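Written below as structure tokens is the structure these notes are about.
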Amino acid sequence: MSYSTKTDKKWQKKWEESGIYKFDRKNLDKKLYCLEMFSYPSGAKLHVGHWYNFGLTDSWARMKRMQGYNVFHPQGFDAFGLPAENYAIKTGIHPKDSTFSNIDTMKKQLKEMGATFDWDYEVITCTPEYYKWNQWLFLQLYKRGLAYRKKAPVNWCPSCNTVLANEQVIDGECERCSSEVTKKNLTQWFFKITDYAQELLDCLPDLDWPEKTKKIQTNWIGRSEGAEIEFKVEGKDITFRVFTTRADTLYGVTYVVLAPENEIVDEITTPECRKQVEEYREQVKKVTEIDRLSTTREKTGVFTGSFAIHPLTGKRVPIWIADYVLAGYGTGCVMAVPAHDERDFEFATKYNLDIVRVIKGAEGNDELPYTEDGILVNSQEFDGVASEEARKSIVKKLEQENKGEFRITYRLRDWLVSRQRYWGTPIPIIYCDKCGVVPVPEDQLPVELPYNVEFKPDGESPLAKCEEFINTVCPSCGGPAKRDSDTLDTFVDSSWYFLRYPDNRNDKEPFNKDLINKLLPVDKYVGGAEHAAMHLLYSRFITKALRDMGYLDFDEPFLSLVHQGVILGADGQKMSKSRGNTVLPDEYIEKYGSDVFRMYLAFGFSYVEGGPWSDEGIKAIDRFIGRVERLVEKFVSEENEQSFDNMGSDEKELNFVRHNTIKSVTHDTEKFQFNTAIARIMELVNALYKYDALEKKNRKFMKETILDCIKLLSPFAPHFAEEMWEQLGQNFSIFNEKWPEYDQKALVKDEVEIAVQFNGQIRYRINVPTDADNKTIEEIVLADERSKPYIDGKNVVKVIVVKGRLINIVVR
RNA sequence: GCCGAAGUGGCGGAAUUGGCAGACGCACGUGACUCAAAAUCACGCGCCCUCAAAGCGUGCCGGUUCGAGUCCGGCCUUCGGCACCA
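Anchor point for the first sequence: position 255 equals 255 in this note's numbering, and the numbering is continuous, going up by one each time.
Next comes the structure, spelled out in structure tokens:
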């Protein structure tokens, strides 16, 4: 019987019946938590990306299992979210119904993959058993001041009818539907991730993560060192602070600019300027995110009529408002130094504001704006001081006068978690006219998401229109009250699900502290690079917050992270239905079996790069599997034929390949370099074919080699390997076998071929004894006939020998 | 605009610390088997060249070195991140 989906079914059944992949909760000393980013149960079937992520991470986990690790490998579903709700709006099918039906389908397909998932630990985020703890988490953060409500201009997607987190706005467009994002002033819930900005940055260097991902997080957090400097408003008892990284240019300030949204604008605007200020503020509100982001857009602003007093010179400088100053960054106020900042220069030129040079550049450079560091001029006692030094001494002077201080600012904003949508976790907060904001008592959790809800989006939360949900009693005074009608961003669900897996049935607490302290952090986390800034940052934040609240004892959730690449269509383009270049795994699995599909994904690409799909490529793997199968079948049928038990040169050669393969496959698989691991297995199979062609064979040795070969293959072709294992008369299961270890002695050959170079150019190759020392090698090579033309009449100046590789003779 | 990564045969892709470029596979070619084809097995396969030798060859130009795909400087292209962040 040749390998097919029948083989797959046979072994899947056997694995299921024997419970071979059940996690051993008792034996946690050699635990290994292997996790793929869980998937969203969409209507479409499992796609190549799922296979690439789950299938190959499973191969890695299988090797670790055979190496003796107690592997915890759970699966689940990130089941709340917009697609199900949008689908419901279109078709009328309730999100709950479509989601659970999709989960059934996906689970079936995941089982066909033949992975080592232990489904006893499944987590589905849209079940009350899960989101109850989402709400619990919210309440803990609330108690600690890490969840708070504020009115803020938020990103609004007019098509999805909901607010979006900063991270969900891509180039001014909604990440999901690409509509233009606008601003809206709403009172919303935020998580205070900014409290952890510095720690999130500090822990990055020690993580075994792709450097690129760390870089993205570093940029996203955006630490910037500078100073806050206080300005007084002339004639009023109002002060405000600006944030600057260029305190050295303080003497060049000719005006200051406030963000239009800044609260003190009302107080400082003079009556004669009020009209233009109000008009300007209205105008700014209408500007879409896209226009605002455009760097080519001309800067605009208006004068408020008021003046500020320069903290050091006492000079009057006009106070303007302009939308190039962002309300959410720093203090929302900027000191303008047009001589040394491009934006200020452009603005000052347009509105005829003064430009005063205070930094002298390199000789001959008189052009403005000059944005580099230099030597201070026009700066009173700081004249002649270098920028770097001046930044310190000027702020120190301000400090003494209580007019400023050093300050670190982060680009990272707090995480906006309210969503005006239905299919999510209800926010466990009640609003009472008498008592105000009242958290739902923990013993009343979960606040269940009602089923019968009109969820057509109109800008208002669907839950607000559900009377039986929204109307409740105040837990504090018993009077009538209303529930929060928003739901939580689904990134809240995924920011701690890895903590729930080990203890998914616990109904007393989200997770048992002792248990997760033993099982976590996750040892290997694998998923798409698109989550670099959001999911991965949120998860780190929540982990740290829970640690500080005493619920766990580790600092980071994911010690080691791998991003799989993207599999493209055969045309090299991103797969999409409209392009018609999608690859449907089911079709290939039906034809070739799931192992061939998995193994092609392993062999055909560099794992972290991905690349274009190839039908020829998968055929090659099908052929390879057949080649292994024929080798095994032939060997089994000839097992009783004559055997010799000597270890001659042929055996030694095969043994070399065997152990070299063990070494390489172990090393490469560990590092997620599946393509080269499989290349080495192919070499071993080639070597076995070569050996098989010999007249005299040591069948006992050959069998050992074949058994090792099947073991090495087993993580990548698990069903097929079980089948071959059985045919070779071995006991179930190959996955209870020990992973082979290489023998260093087998890797030492008697002779090695080295390259012979003259002046760095390879002229010929020669065999030398492996144990020959440099001097001996030099003698052998210089005595060789082939060296003659290159050394005759010349002097040997230098000889470099690289053991086992080459000899380079420098002649002159 | 700023930051980062990548660029290797016809193709997918390999090359510990600078040490035989092109592993493995695809495609292609030759042979064996076959009436024939497919499948299979074996061998070959960077470019230039009739063959061999020599020469050339890891995006382009230059440098360091006995020796550079790998290190340094400058460009080009592609992809990714950030983008009025003061």
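Here a beta-carbon is modelled for each residue, glycine too, at the ideal position from N, C-alpha and C. These figures come from a predicted structure and were not determined experimentally.
Going by beta carbon distance, what residues of the same chain come within less than 6 Å of residue i, once the five residues before and after it are set aside?
i, result
"T5", "G593"
"T877", "Past the edges of the chain, shown from 1 to 812, lies residue 877, and the structure says nothing about it."
"I589", "F597"
"T239", "E230 and K232"
Once the 5 residues before and after residue i are set aside, which same chain residues still bring their CB inside 7 Å of it?
i, result
"Y816", "Any question about residue 816 goes unanswered here, given that the chain covers just 1 to 812."
"Y760", "Contrary to the premise, residue 760 reads as Gly rather than Tyr in this sequence. The residues are N808."
"I20", "S733 and F735"
"F307", "E234, R316, V317, P318 and I319"
"V253", "H310, V317, M335, A336 and V337"
"P446", "P128, Y131, K132 and Q135"
Could you pull the start and end residues of the beta strand (DSSP E) that residue i belongs to?
i, result
"N655", "That residue, N655, is in no beta strand (DSSP E); its alpha helix (DSSP H) goes S649 to E670."
"P769", "Q761 to P769"
"R316", "R316 to A322"
"V71", "N70 to F72"
"V811", "L806 to V811"
"E36", "K31 to E36"
"E751", "E751 to F758"
"M335", "C333 to A336"
"T162", "T162 to L164"
"L519", "Element bounds for L519: not the beta strand (DSSP E) but the alpha helix (DSSP H), K513 to L519."
"L536", "From DSSP, L536 is part of no beta strand (DSSP E) but of the alpha helix (DSSP H) over H535 to D548."
Could you give the DSSP three-state label for residue i: helix, strand or coil?
i, result
"K63", "Looking at the sequence provided, one finds Met at residue 63 rather than Lys. Reduced to three states, the DSSP call for M63 is helix."
"D232", "As written in the sequence, residue 232 is Lys, which differs from the Asp given in the question. Note: K232 maps to strand in three-state DSSP."
"S733", "coil"
"P585", "helix"
"S4", "coil"
"D373", "coil"
"Y525", "strand"
"P718", "helix"
"G76", "strand"
"A147", "strand"
"V48", "helix"
"I268", "helix"
"I355", "coil"
"P426", "strand"
"S39", "strand"
"F23", "coil"
What are the start and end residues of the alpha helix (DSSP H) that includes residue i?
i, result
"L141", "P128 to K143"
"V799", "V799 -> not in any alpha helix (DSSP H); beta strand (DSSP E) instead, spanning V796 to V802."
"Y255", "No alpha helix (DSSP H) contains Y255, which is instead part of the beta strand (DSSP E) from Y255 to L258."
"V636", "D615 to S637"
"C709", "R699 to L713"
"V284", "P271 to K286"
"P612", "P612 -> not in any alpha helix (DSSP H); beta strand (DSSP E) instead, spanning G610 to P612."
"L782", "N774 to A783"
"V566", "Note, V566: premise wrong, no alpha helix (DSSP H); beta strand (DSSP E) at V566 to L568."
"R596", "According to the sequence displayed, residue 596 carries Val and not Arg. First-last of the alpha helix (DSSP H) with V596: S594 to F603."
"E199", "A197 to D202"
"I791", "K788 to I791"
Can you name, in chain order, every residue of its own chain whose Cβ lies under 8 Å from the Cβ of residue i, other than the five neighbours on each side?
i, result
"R658", "L684, A687, T705, D708, C709 and A746"
"Y69", "K30, K31 and L32"
"C177", "C157, S159 and C160"
"I375", "I359, K360, G384, V385, A386 and S387"
"F554", "N517, L520, P521, T543 and R547"
Using DSSP bridges, identify the partner residues of residue i.
i, result
"N185", "P153"
"A227", "T244 and F406"
"A308", "V233 and V317"
"S560", "D208"
"A693", "Partner(s): none; A693 has no beta bridge."
"G301", "A322"
"I170", "E173"
Could you tell me whether any non-hydrogen atom of the ligand COA is closer than 7 Å to the CB of residue i?
i, result
"A602", "This structure simply doesn't include the ligand COA, nor any ligand for that matter."
Inset, instruction - Let me know the beta strand (DSSP E) ranges lying completely inside the stretch 430-501, each 3 residues or longer, listed in chain order. - result: Within the stretch 430-501, the runs of beta strand (DSSP E) that reach at least 3 residues and sit entirely inside it are, in chain order, 436-439, 471-473 and 480-483.
Legend entry - Entirely enclosed alpha helix (DSSP H) segments - the stretch 386-421, minimum 4 residues: List check, alpha helix (DSSP H) in window: 387-400.
Legend entry - Length at least 4, wholly inside the stretch 85-126: the alpha helix (DSSP H) runs in chain order: The stretch 85-126 contains these whole alpha helix (DSSP H) runs: 95-113.
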